[in-house]
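Residue numbers (UniProt numbering): 1 to 284.
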């Protein structure tokens, strides 16, 4: 078997095992419940309000943005946090010692983090069926759109989270770097408001990143056609959404493995021990 295909197969198995461990770990499960509960509470408090000029509940208008932001956040921040912690505890050092180990590691991360993010989306949508009456009118085409936007959204963000995390020297630095990067991109993405409200050059910047297209794809699936009037060009642009998310996915999956391999080559037992000593000094 081709070594890369074999490594990818091992990564798939590893990702599934890690996901199962996540859903049975009390700390990870509590974090998922809290974050998902916060999104559901947002829908609950908005369920009685309507969008001015449209017969649409505020909860229905907010739901696509919540789903898109959740996927992007889990993709970028989840990968950064995972990489920084496993770099410090020696997981990366062990992975680089194996043939095609970094490819297998990356595939495993993508699988486990994707499954966790998809579970969050499913939970929010399940709650939305009770809190957002408009969801009952979403047809098969809308649900299929949610599916492919979710998959491409994760593959368009997770590898780039790994790339960002590879430049950080500690979990604390990784958190700061990723939050700063993600916050800046989200601010110009129009994830909760029409991007047309921003200056022209900010609209161009926002459309360059996958967060905007994640939100647009979710809105096209869950909102009525009349809501497209608030979008750029007055349409949902499904083919552009597909193309941009696919481009980010391919670029990330091609660039992340060599960047991670380059980072792993610099990893040594002494560097890992030095980071542990610095961490223990901060805690102490």
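Just so it is clear, CB atoms sit at the ideal spot from N, CA and C, and this is done for glycine as well. Note that the structure is predicted; figures quoted are calculated from it, not measured.
Quick one: residues in its chain with C-beta nearer than 6 Å to the C-beta of residue 195, no 5 flanking neighbours on either side, listed in chain order?
Translated into the one-based positions of the chain shown, residue 195 becomes position 195. The residues are 203, 206.
Within the continuous alpha helix (DSSP H) that includes residue 47, where are the two ends?
One-based indexing of the chain shown puts residue 47 at position 47. First-last for residue 47: undefined, no H or E at that position.
The alpha helix (DSSP H) spanning residue 200 covers which residue range?
Here the question's residue 200 lines up with position 200 in the chain shown. Its alpha helix (DSSP H) spans residues 200-207.
Going by C-alpha to C-alpha distance, which of 216, 77, 241, 239 sits closest to residue 229?
In the chain shown, the residue the question calls residue 229 occupies position 229. The shortest Cα separation from residue 229 among 216, 77, 241, 239 belongs to 216.
At the level of alpha carbons, what is the spacing between residue 24 and residue 149?
Counting from one through the chain shown, the residue named residue 24 turns up at place 24. Counting from one through the chain shown, the residue named residue 149 turns up at place 149. Roughly 28 Å separates the two Cα atoms.
Apply the 10 Å Cβ neighbour rule to residue 84 and answer buried if 16 or more other Cβ atoms are within range, or exposed otherwise.
Position 84 of the chain shown, counted from the start, is the residue given in the question as residue 84. The residue is buried, with at least 16 neighbouring Cβ atoms inside 10 Å.
Nearest to residue 151 by CA position, among 40, 48, 250, is which residue?
Taking the chain shown and counting its residues from 1, the one referred to as residue 151 is at position 151. Here the closest residue by C-alpha is 250.
Using the Cα positions of residue 145 and residue 137, report the straight-line distance between them to the nearest angstrom.
In the chain shown, residue 145 corresponds to position 145, counting from 1. In the chain shown, residue 137 corresponds to position 137, counting from 1. One C-alpha to the other measures close to 14 Å.
How many Å lie between residue 8 and residue 200 at the Cα?
Position 8 of the chain shown, counted from the first residue, corresponds to residue 8. Position 200 of the chain shown, counted from the first residue, corresponds to residue 200. In a straight line, the C-alpha of residue 8 is about 42 Å away from that of residue 200.
Just to confirm the assignment, what range does the alpha helix (DSSP H) spanning residue 113 have?
Against the chain shown, residue 113 aligns to sequence position 113. Counting along the chain, the alpha helix (DSSP H) containing residue 113 begins and ends at 101-131.
Determine the closest residue to residue 285 out of 4, 256, 236, with distance taken between C-alpha atoms.
The question about residue 285 has no answer, for the chain in this structure spans 1 to 284.
May I have the straight-line CA-CA distance separating residue 225 from residue 94, to the nearest angstrom?
Translated into the one-based positions of the chain shown, residue 225 becomes position 225. Translated into the one-based positions of the chain shown, residue 94 becomes position 94. Going by the C-alpha atoms only, they are around 51 Å apart.
Pick out whichever of 167, 231, 219 has its Cα sitting closest to the Cα of residue 262.
Residue numbering aside, residue 262 sits at position 262 when the chain shown is read from its first letter. Taking only the C-alpha atoms, the option nearest residue 262 is 167.
Leaving aside the five residues before and after residue 192 along the sequence, list all residues of the same chain whose C-beta is less than 6 Å from its C-beta, in chain order.
Counting from 1 along the chain shown, the entry for residue 192 is found at position 192. Excluding residues within five positions, the ones whose Cβ falls inside 6 Å are 65.
With DSSP as the reference, label residue 57 as helix, strand or coil.
Counting from one through the chain shown, the residue named residue 57 turns up at place 57. DSSP places residue 57 in strand when its eight states are reduced to three.
What residue range is occupied by the uninterrupted alpha helix (DSSP H) comprising residue 18?
Translated into positions along the chain shown, residue 18 becomes position 18. It spans 3-24 - the alpha helix (DSSP H) in which residue 18 sits, taken as one unbroken run.
Helix, strand or coil for residue 134 per DSSP?
Looking up residue 134 in the chain shown gives position 134. It is helical.
Could you check whether residue 104 and residue 14 sit closer than 8 Å to each other, using their CB atoms as the reference points?
Locating residue 14 in the chain shown gives position 14, counting from the first residue. Locating residue 104 in the chain shown gives position 104, counting from the first residue. Closer than 8 Å, so yes.
Excluding sequence positions up to five away, which residues of its chain have a Cβ less than 6 Å from the Cβ of residue 110?
Counted from its first residue, the chain shown places residue 110 at position 110. Correct list, in chain order: 158.
What is the rounded straight-line gap between the Cα of residue 122 and the Cα of residue 100?
One-based indexing of the chain shown puts residue 122 at position 122. One-based indexing of the chain shown puts residue 100 at position 100. Rounded to the nearest angstrom, the two C-alpha atoms are 33 Å apart.
Go ahead and label residue 112 buried or exposed: buried means 16 or more other beta carbons lie within 10 angstroms of its beta carbon, across all protein chains shown.
Within the chain shown, residue 112 is the residue found at index 112, counting from 1. Label assigned to residue 112: buried.
Please determine, among 77, 155, 239, the residue with the shortest C-alpha to C-alpha distance to residue 173.
As a first step, residue 173 is located in the chain shown; it is residue number 173 there, counting from the start. If we check each option's Cα against that of residue 173, 77 comes out closest.
Suppose you measure from the CA of residue 106 to the CA of residue 259; what does that come to, to the nearest Å?
In the chain shown, residue 106 corresponds to position 106, counting from 1. In the chain shown, residue 259 corresponds to position 259, counting from 1. In a straight line, the C-alpha of residue 106 is about 11 Å away from that of residue 259.
Assuming residue 40 contacts residue 127 under a Cβ cut-off of 8 Å, what Cβ separation, rounded to an integer in Å, is found between them?
Working through the chain shown from its first residue, we reach residue 40 at position 40. Working through the chain shown from its first residue, we reach residue 127 at position 127. About 4 Å; that satisfies the 8 Å criterion.
Which residues in the same chain have their Cβ closer than 6 Å to the Cβ of residue 142, if we skip the five residues on either side of it in sequence?
Counting from one through the chain shown, the residue named residue 142 turns up at place 142. Excluding positions up to five away in sequence, the list reads 221.
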